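In this note's numbering, the protein residues as written are 227 to 325. For every residue, glycine included, the Cβ atom is placed at its ideal position computed from N, Cα and C. As the structure is a computational prediction, the values presented were derived from the model and not from experiment. Before any comments, here is the structure.
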Ligand SMILES: [Zn+2]
């Protein structure tokens with residue numbers, strides 16, 4: 227029996243991609259802690275989008291139409307999150323040292 231997990235929330239990939247493309251515009255600290263806080267903030271407000279992949283196959287990408295519709299929402303939520311987290315950053319000194 228192989229119960230290896232094949233499902234994955236593709237929304238995580240989309241939000242990470244949007245973050246990486248737009249982080250310079252967000253005006254927020256880009257340390258790993260703040261990055262994770264902002265991405266988690268956006269993910270909590272977005273629907274999940276589970277995809278299932280076969281062994282050795284890349285996770286199937288959410289189709290382009292859905293992606294384009296979501297991009298605006300994702301960016302808006304990342305900007306909201308960046309504002310909130312920028313005002314009350316939860317990073318410590320060690321989080322920002324590698325930045
Ligand atoms: Zn930070």
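Answer yes or no: do residue 300 and residue 260 have a C-beta to C-beta separation smaller than 7 Å?
-> No, they are not a contact pair.
Taking 6 Å as the line, does the beta carbon of residue 317 fall inside it for any heavy atom of ligand 1?
-> Result yes, Cβ under 6 Å from ligand 1.
Is any heavy atom of ligand 1 found at a distance shorter than 6 Å from the C-beta of residue 247?
-> Checking every heavy atom of ligand 1 against the Cβ of residue 247, none is found closer than 6 Å.
When burial is assigned at 16 or more other CB atoms within 10 Å of the CB, is residue 282 buried or exposed?
-> Note that residue 282 has pLDDT 49, beneath the 50 cutoff, so the model's placement of it is unreliable and no number is given.
Alpha-carbon to alpha-carbon, residue 313 and residue 276 = So the alpha carbons of these two residues sit roughly 32 Å apart.
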